[in-house]
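Residue numbers for the sequence shown, in our numbering: 1 to 254.
For every residue, glycine included, the Cβ atom is placed at its ideal position computed from N, Cα and C.
As structure tokens, the structure follows; a few thoughts come after it.
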Amino acid sequence: MNELPFETASSVADKLELSPMTVGRFLRLLGYQGLDGIKVHLKESVPPVALQLSSVLEQLQKDAGDGRPLAGQIAEQIEMLQHIYNLSGHPQWQEAVTAILTSSEVFVATHPSFSGLGRHLCDRLAFARDHVRFLDGSNGSYIEMLGRQTDSALAVIIDSPRFNTSRLLARSARRAGYKVLLITGQYTEWAHEFANLTLSLPPSRTGCRDNLSAMTALLECLTAAVIQAAGEQAEDRMRKIEELEGMFGYTSIR
């Protein structure tokens, strides 16, 4: 059924090992003028997306209760996306977008286990602005960020249960004059003490300590909001990036 929009009478006939004429006669017996008639009927009878999602979520929760762990994980991811969408309507979301766009520099730091996320965030933010750097803390000092005072730069700290020094890093960045955007769990007690802005996720109920899928979704939605807010500047930078990729032989990332 999912493939029906892409089928023709001939392709259906091939799969059923019948002739296209036989398929056509059968469809007319059902009251349809060919396969296009069925497609139109299905399109008009599809329930609204909101109803579909509600039904899907109910079924997933039922399946999870019946001992199907994958259903529970998928249901939780849907709920996390709803949380992120609601978060995007809060003032701190827009404040985070503005801070990323207007700060003189942006440093992104996280635990090595999240280094892929951190680097991807930097790559995406490069569509919207210059001077974005990723710090993995491998030198043990964060000298690139903490080696001088500033009053116009931003530190984005992607927290995780394994990132034992995230609190110390946030406090040190604040003392060095950085504005701190902390992306963390909802029950991080020190967040409001050492971060100027906080975007938080509820804890996972399925036992995933790092909440990786939800964190990935939050960062992707945040960067999309930053790129959209950058407007023509982002469009110009994307064109320039594509031009340079063509010059140096890299595959386009757009």
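Between the Cα of residue i and those of the options, spot the shortest distance and give me the residue it belongs to.
i, options, result
"residue 216", "80, 61, 19 and 20", "80"
"residue 145", "177, 126 and 162", "177"
"residue 151", "137, 180 and 231", "180"
"residue 159", "230, 211 and 63", "211"
"residue 182", "141, 149 and 108", "108"
"residue 98", "235, 244, 247 and 227", "227"
"residue 96", "246, 239, 199 and 10", "199"
"residue 71", "201, 242, 206 and 121", "206"
"residue 213", "11, 67 and 77", "77"
"residue 175", "147, 235, 164 and 186", "147"
"residue 125", "83, 231, 85 and 204", "231"
"residue 83", "35, 223 and 202", "202"
"residue 34", "8, 18 and 94", "8"
"residue 136", "163, 154 and 153", "163"
"residue 153", "102, 21, 186 and 62", "102"
"residue 229", "218, 140, 132 and 94", "94"
At the level of alpha carbons, what is the spacing between residue i and residue j?
i, j, result
"residue 166", "residue 172", "10 angstroms"
"residue 249", "residue 237", "18 angstroms"
"residue 127", "residue 220", "13 angstroms"
"residue 168", "residue 188", "13 angstroms"
"residue 161", "residue 241", "35 angstroms"
"residue 100", "residue 28", "60 angstroms"
"residue 65", "residue 56", "14 angstroms"
"residue 121", "residue 225", "12 angstroms"
"residue 59", "residue 247", "51 angstroms"
"residue 23", "residue 36", "13 angstroms"
"residue 51", "residue 75", "Summary for residue 51: the model assigns pLDDT 47, below 50, so the residue's position carries little reliability, and this model does not support an answer."
"residue 13", "residue 32", "16 angstroms"
"residue 92", "residue 138", "31 angstroms"
"residue 233", "residue 105", "16 angstroms"
"residue 208", "residue 73", "10 angstroms"
"residue 222", "residue 194", "21 angstroms"
"residue 15", "residue 68", "33 angstroms"
"residue 235", "residue 10", "44 angstroms"
"residue 86", "residue 17", "51 angstroms"
"residue 149", "residue 89", "33 angstroms"
"residue 204", "residue 140", "30 angstroms"
Helix, strand or coil for residue i? Go by DSSP, reduced to three states.
i, result
"residue 10", "helix"
"residue 124", "helix"
"residue 111", "coil"
"residue 198", "strand"
"residue 133", "strand"
"residue 49", "Only weak support is given to the placement of residue 49: the predicted model assigns it a pLDDT of 45, under 50, and the question is left unresolved by the model."
"residue 205", "coil"
For residue i, count the other beta carbons within 10 Å of its own beta carbon; 16 or more makes it buried, fewer makes it exposed. Which is it?
i, result
"residue 157", "buried"
"residue 192", "exposed"
"residue 26", "exposed"
"residue 196", "buried"
"residue 143", "exposed"
"residue 118", "buried"
"residue 111", "buried"
"residue 30", "exposed"
"residue 184", "buried"
"residue 129", "buried"
"residue 114", "buried"
"residue 244", "exposed"
"residue 239", "exposed"
Is there at least one Cβ from chain C nearer than 8 angstroms to residue i's Cβ?
i, result
"residue 152", "The chain labelled as chain C is not found in the depicted structure, where only one protein chain is given."
Measuring from the CB of residue i, is there a heavy atom of the ligand FMN at a distance below 7 angstroms?
i, result
"residue 231", "In terms of ligand content, the structure shown is empty, and the ligand FMN therefore cannot be addressed."
Legend entry - Whole runs of the beta strand (DSSP E) within the stretch 135–187, excluding any shorter than 3 residues: 154–158 and 179–185
Inset, instruction - Output the residue ranges of the alpha helix (DSSP H) runs that lie fully inside the stretch 45–98 and measure 4 residues or longer, sorted by chain position. - result: 49–65 and 69–87
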